[in-house]
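Worksheet: one structure, shown below.
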Amino acid sequence: NGFDANTSMLFPFKKYFGIVESDDLVLTLADAGVNFDAIKDVFTELAEYRPLELLRSQRQRTDYLLTKQARIVAMTCTHAAIARSHLIELGFQYDNVLMEEAGQMLDVETFIPLLLQKGESDETTYAASRLKRVCLIGDHHQLPPVVKNASFSKYSNLDQSLFTRLIRLGVPTIELNKQGRSRAEIASLYSWRYRDLGNLGHVITAPAYSMANTGLAHSFQIINVDEFEGRGESTPTAYFYQNMGEAEYAVALFQYMVLIGYPPEKISILTTYNGQKELLNDILTQRCGEGTPLAGVRPGSVSTVDHYQGQQNDYIILSLVRTNAVGHLRDIRRLVVAVSRARLGLYVFCRQSLFGNCHELRKAMDQFSLRPSKLEIISGEQYPTTRKLKDKIPEGMAYAVDDVSVLGSIVHSMQNEMMPNDTSS
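Pasting the structure below:
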């Protein structure tokens, strides 16, 4: 007897564990105990599945997992408001709340996720909330919550998030002082809005950040767009701002980048107005539609700046639309969002004289003004380039594009080269 005793003749689950019987088989009591522990684990797991067999509906199973099994539960603030009464009824409990993009939430949207378990305001004898910790993550230098009613927004400060309110009241905060998204020179367009914002090491040393942008002389540039066919901004309907020149230019640049090898999903086209977004989509449908060399090709996203907050892409083409007045880009928080979406390349189309003279935007626009206001492309390069960001461009390779018609002609020629030659007699 003892842990070294041979139990091979008594152990009943040899076939289950793949133990081959033989005259010299030795299975100690300790070995048998390990196998029995494995069997117990199987039955323990089956016991966890048992409620899912008894619960018939998907809703009942979801509620069971939510209250008994889940360790992390993710939801939007809107869903929290809709589901609160149901969660209270289930006896849902939690200790910690983590809110992302808290700077874009209304006060009431921030409070609702804190009240998803029974408390003093609920008609119940059990009124002990387990909530111990709330962590708000956001950026009060970017866009605030959207409040469509101007009176509530401007005169009642309803567009101030609880996150921003707490910062203004001096509640202790941890402020990140390194960014790891953009090239260091692109980050300089918005880093002045933050206290001592530096760069993580990889944005200096990583290969993707040290290489130049194929076919483009600069990693970021503002391209001045004059009147196109005698027109600047237009409003087909009230507040539906469009700019045909900028839209054509932005799509032409997208086509040029794709034709020299850029993956289209790594390029996003952004604008500051919904009207321009619709116009961009219309032009993309024409230029990259059925029967064209780029049929079916689409950028990673075509969106407004406001809806793109929290997202990023390698290359951003941005249209600012307005030519008569700066418009809502005067809110510096919107500019910070716009110029901080790009990792490797940012190309802005606008009326430079208008935005360059805007006092609120001056610090960013002054950096743009240090570079040419005409798009500069590099002939003969194919993606990915071997040219380093700091390499001097050989003389004669850089070409300044005068306007959208010139870039359109270049794109047209490149597309013609892609088309198969007609060999029919």
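One gets the working numbering by counting positions in the sequence shown from 1 and adding 1 to each. By construction, the Cβ of each residue, glycine as well, lies at the ideal position given by its N, Cα and C atoms. These figures come from a predicted structure and were not determined experimentally.
- About 6 Å separates the Cβ atoms of Leu-347 and Val-340, confirming a contact at the 8 Å cut-off.
- For Gly-276, the enclosing alpha helix (DSSP H) covers residues 275-288.
- When the Cα atoms are used, Arg-196 and Ala-326 turn out to be separated by approximately 30 Å.
- Leaving aside the five residues that flank Asp-64 on each side, the residues in its chain whose CB is nearer than 6 Å to its CB run, in chain order, Leu-91.
- With a minimum length of 3 residues, the unbroken runs of beta strand (DSSP E) contained wholly in the region 305-367 fall at 314-320 and 343-351.
- At a Cβ-Cβ threshold of 7 Å, Glu-382 and Thr-215 count as neighbours.
- Closest in C-alpha terms to Thr-305, from the list Thr-286, Val-338 and Thr-324, comes Val-338.
- In terms of CA proximity to Val-407, Leu-254 leads the group Ser-192, Lys-133, Leu-254 and Gln-287.
- With a beta-carbon spacing of about 5 Å, Leu-137 and Met-100 fall inside the 8 Å limit used to define contacts.
- Assigned with DSSP and collapsed to three states, Val-148 falls in coil, not helix or strand.
- For Phe-221, the enclosing beta strand (DSSP E) covers residues 221-225.
- Take the alpha-carbon of Asp-315 and the one of Pro-300: they are about 11 Å apart.
- Judged by beta-carbon spacing, Pro-294 lies beyond the 7 Å limit of Gln-161, meaning their Cβ atoms are not closer than that value.
- Here DSSP, grouped into helix, strand and coil, assigns Met-76 to coil.
- Lys-389 has Met-212 as its beta-bridge partners, per DSSP.
- Beta-bridge partners of Ala-401 (DSSP): Glu-377.
- Of the residues assessed, Tyr-191 falls on the buried side of the cut-off, its CB having 16 or more other CB atoms within 10 angstroms.
- Between Tyr-95 and Ile-113, the alpha-carbon positions lie close to 14 Å from each other.
- For Glu-101, the uninterrupted beta strand (DSSP E) segment begins and ends at 97-101.
- Comparing C-alpha distances from Ile-224 to each of Leu-355, Val-98, Leu-55 and Val-147 shows the shortest one belongs to Leu-355.
- When beta bridges are read from the DSSP output, Phe-14 appears opposite no residue.
- If you draw a straight line from the Cα of Arg-335 to the Cα of Tyr-274, it comes to about 12 Å.
- Inclusion of Ala-251 and Ser-320 in the CB contact set at 7 Å is warranted, their separation being smaller than that value.
- Here DSSP, grouped into helix, strand and coil, assigns Arg-85 to helix.
- For Leu-390, the CB contacts under 7 Å within the same chain, skipping 5 residues up- and downstream, are Ser-211, Met-212, Ala-213 and Ser-220 in chain order.
- At the C-beta level, Leu-280 and Gln-243 come within 7 Å of one another.
- In this structure, Leu-117 keeps its C-beta atom at 7 Å or more from the C-beta atom of Phe-153.
- Straight-line spacing of the CA atoms in Thr-387 and His-87 works out to 58 Å.
- The straight-line gap separating the alpha-carbon atoms of Arg-342 and Gly-233 is approximately 26 Å.
- Looking at the DSSP output, Val-303 shares a beta bridge with Ile-270.
- According to the DSSP assignment, Ile-138 belongs to the beta strand (DSSP E) that extends over 134-138.
- Nearest to Ala-248 by alpha-carbon distance, out of Val-27, Asp-404 and Lys-155, is Asp-404.
- The alpha-carbon of Lys-278 is positioned some 29 Å away from that of Pro-385.
- Counting every other CB atom within 10 Å of its CB across the protein chains shown gives Tyr-257 a total of 16 or more, marking it as buried.
- If you draw a straight line from the Cα of Leu-345 to the Cα of Arg-184, it comes to about 6 Å.
- When secondary structure is reduced to three states using DSSP, Asn-417 falls in the helix class.
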